[in-house]
Amino acid sequence: MAAALASLASLAALIVTLTVQPSTPPPPRRPDVPYVPMPDNLVMALLSLAQVTPRDVVYDLGSGDGRIPIAAAKMFGARAIGIEIESNLIRRSNEALAKAGVGALVTFLNQDLFESDISRATVVTLFLNPGVNQRLMPKLQHELRPGTRVVSLNFDMGDIWPADHVQDVDGLKMYLWTIR
Ligand SMILES: C[S@@+](CC[C@H](N)C(=O)[O-])C[C@H]1O[C@@H](n2cnc3c(N)ncnc32)[C@H](O)[C@@H]1O
Numbered sequence: 006m007a008a009a010l011a012s013l014a015s016l017a018a019l020i021v022t023l024t025v026q027p028s029t030p031p032p033p034r035r036p037d038v039p040y041v042p043m044p045d046n047l048v049m050a051l052l053s054l055a056q057v058t059p060r061d062v063v064y065d066l067g068s069g070d071g072r073i074p075i076a077a078a079k080m081f082g083a084r085a086i087g088i089e090i091e092s093n094l095i096r097r098s099n100e101a102l103a104k105a106g107v108g109a110l111v112t113f114l115n116q117d118l119f120e121s122d123i124s125r126a127t128v129v130t131l132f133l134n135p136g137v138n139q140r141l142m143p144k145l146q147h148e149l150r151p152g153t154r155v156v157s158l159n160f161d162m163g164d165i166w167p168a169d170h171v172q173d174v175d176g177l178k179m180y181l182w183t184i185r
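According to my numbering, the sequence shown is numbered sequentially starting from 6.
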């Protein structure tokens with residue numbers, strides 16, 4: 006009887022604890038790749054390789070300080086979305102966007118690129134690493150519509166998905182795939 010009362014009391018204590026504890030948000034996921042900004046001339050070269058036009062919707066997966074989406078809007082007239090896991094970089098991107106004067110065309114989302122809905126993209130830009138590119142490959146192939154161009158600076162998708170076109174810029178390689 007004493008044992009039953011004791012376990013009832015600890016159950017009650019547990020319920021009280023669970024009820025009054027504020028719900029804590031899950032810890033933010035760590036970036037898969039560190040922040041390394043792409044030099045501006047390579048941003049232009051990558052967007053040119055993708056032949057971005059004002060009809061495009063450009064998604065930069067891991068958008069850092071927002072320079073690729075902002076350039077896609079400012080220099081090519083495209084709509085653009087930047088997906089970035091680091092909230093401080095989203096803040097910096099929005100500050101840069103306010104100065105760039107293309108706020109109507111660009112949105113930054115504080116999301117994990119593996120969880121984002123990228124189905125509206127007509128162009129996807131990547132500056133990640135080989136392992137992350139290959140983990141991303143099934144998502145790109147399943148979510149993107151035929152005709153969507155994917156461009157990557159420096160990193161390909163291995164033998165499993167050879168690029169349709171490879172270009173050398175300043176001693177670095179840029180890769181282009183078109184979704185079929
Ligand atoms: C090499 S930087 C490229 C930044 C930008 N695209 C550029 O070219 O200047 C990679 C970026 O991806 C972000 N990142 C890494 N893992 C991510 C994830 N799972 N989801 C969203 N962003 C991520 C990093 O925080 C970093 O800003």
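The beta carbon of each residue, even a glycine, is placed where N, CA and C say it ideally should be.
Segment limits, beta strand (DSSP E) that includes residue i
i	result
A85	R84 to I88
R97	From DSSP, R97 is part of no beta strand (DSSP E) but of the alpha helix (DSSP H) over S92 to A105.
L66	V62 to L66
DSSP-derived helix/strand/coil call for residue i
i	result
F132	coil
H170	strand
L181	strand
D161	coil
V41	coil
L149	coil
R154	strand
Neighbourhood of residue i by C-beta, 8 Å cutoff - its chain only, sequence neighbours within 5 removed
i	result
I20	Reliability fails at I20, whose pLDDT of 41 lies under 50, so the model's placement of it is uncertain and the value that follows must be treated cautiously. So the list is empty, once near-sequence residues are dropped.
7 Å CB neighbourhood of residue i in its chain, flanking five on each side removed
i	result
K79	A105 and V107
Beta-bridge pairing of residue i - partner residues as DSSP gives them
i	result
T112	I86
Ligand 1 heavy atom lying under 7 Å from the CB of residue i
i	result
M43	yes
V129	no
E100	no
D117	yes
G67	yes
P135	no
V38	yes
Own chain, CB closer than 6 Å to residue i, minus 5 neighbours either side, in chain order
i	result
V171	K178 and Y180
Q116	I88
Opening and closing residue of the alpha helix (DSSP H) in which residue i lies
i	result
F119	Element bounds for F119: n/a, residue is neither H nor E.
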